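See structure below.
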Amino acid sequence: MTRPVLLIGGMDSSGGAGIARDLLAVHDAGLTARIAVTVVTAQTDRAVLAVDPVAPALVAAQIEAALEDGIGAIKIGALCNAGLVRTVADRLPDMPVILDPVLCSSSGHALLEPEGIQALLALLLPRTTVLTPNLPELAALKSALGLDPVTEQDDVAGALLDRGCQSVLLKGGHNGHPTYSTDILYQANCSPLSFRSMRYPFDLRGTGCQLASGLAAALADGQPLPAAVKAARRGLEERFRKADRNCATASA
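The structure is reproduced here in structure tokens:
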């Protein structure tokens, strides 16, 4: 039997992102989950109204309780501050870890302080199987690494691999292409792999959370990385198709 996925991250009161979205993705993949909540937020689809980090000792206890059950993979989302980064890093077992660097909400609210970003690079990146930044997050990581602002995305991904993560899945939802969104998988000593899908004329919240959690579920299920990326993307594409069908029905 496939072991559960441990979801470490924040609670979004709107249900659109964070652990609420993670749980749906893992369930849709046919797996069960355990959770460790790092931060509780009050949000709407338009704004973050309040953020309250969970005490590190309680986060540690949640992780330790989940690990007693046996876990197949871990997905990490919002961590809020350097103390929580250290708490999580200290308790990671040797298994697939998907790190979604949640640095800012979709409405623009910062969700990880600068000291926390540095701790993430130093402590979590070397433990990470797949880092899943979007383009704004890649730009923030580029700055945190001290790279030249004009450094190309391939070279930023290479610098992240040099810092210890095994692979980088760069999410292309912000690439500005009118027709397609392209994700790119970078691995050391391998040519990048591109995954292209049709772009829809609307946005959905929590897509980054869903992709990373679907990827964790596929890895927990024993799939090799490229196949796991395809499986996670299929789940996301089905959500977009369903939303598109609902829009068409509502306008008919």
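Going by this note's numbering, the letters in the sequence shown line up with residues 75 to 326, in that order. Beta carbons are placed, not taken as given, at the ideal position from N, Cα and C, and that holds for glycine. Owing to the predicted nature of the structure, the values given are computational and were not obtained by experimental measurement.
Per DSSP, the continuous alpha helix (DSSP H) segment holding D102 begins and ends at G92 to D102. Judged by their CB atoms, V303 and L259 are nearer to each other than the 8 Å cut-off. Of the residues G92, P266, G157 and K316, the one whose Cα lies closest to the Cα of G282 is G92. With 16 or more other Cβ atoms from the protein chains shown falling within 10 Å of its own Cβ, R307 counts as buried. The residues G144, I145, G146 and A294, in chain order, have a CB closer than 7 Å to that of R77 in the same chain once the five nearest residues on each side in sequence are set aside. Taking 8 Å as the upper bound for CB-CB distance, L81 and A107 are in contact here, some 5 Å apart. As computed with DSSP, L243 is found in a beta bridge with L259. In its chain, beyond the 5 residues on either side, V159, R160 and A163 have a beta carbon closer than 7 Å to the beta carbon of L197. Nearest C-alpha to P300 among K316, N208, P266 and L132: P266. Closest option to L177, judged by alpha-carbon separation, among I137, V171, D168 and L194: L194. At a Cβ-Cβ threshold of 8 Å, T118 and S88 count as neighbours.
For T225, the CB contacts under 7 Å within the same chain, skipping 5 residues up- and downstream, are K216 in chain order. Separation of G246 and G288 (C-alpha to C-alpha, rounded to the nearest whole angstrom) is 17 Å. Between N155 and G104, the C-beta gap is not smaller than 8 Å, which leaves the two residues out of contact.
A Cβ-Cβ contact shorter than 8 Å links D257 with F269. A direct Cα-Cα distance of roughly 12 Å separates M272 from L310.
Shown here, F276 sits in coil according to DSSP, grouped into three states, outside any helix or strand.
Beta-bridge pairing by DSSP links N208 to K245. Between the alpha carbons of D174 and Q227 lies a distance of about 17 Å.
Rounded to the nearest angstrom, the gap between the Cα atoms of D318 and Y274 is 8 Å. Counting only residues of its own chain and dropping the five nearest sequence neighbours on each side, T253 has a CB closer than 8 Å to the CB of M272 and R273.
For Q297, the three-state secondary structure derived from DSSP is coil. In terms of Cα proximity to D168, the closest of G151, Q136 and T203 is T203. Rounded to the nearest whole angstrom, the C-alpha separation of S255 and V128 is 35 Å.
Across the structure, A291 and Q297 are spaced so that their CA atoms are roughly 9 Å apart.
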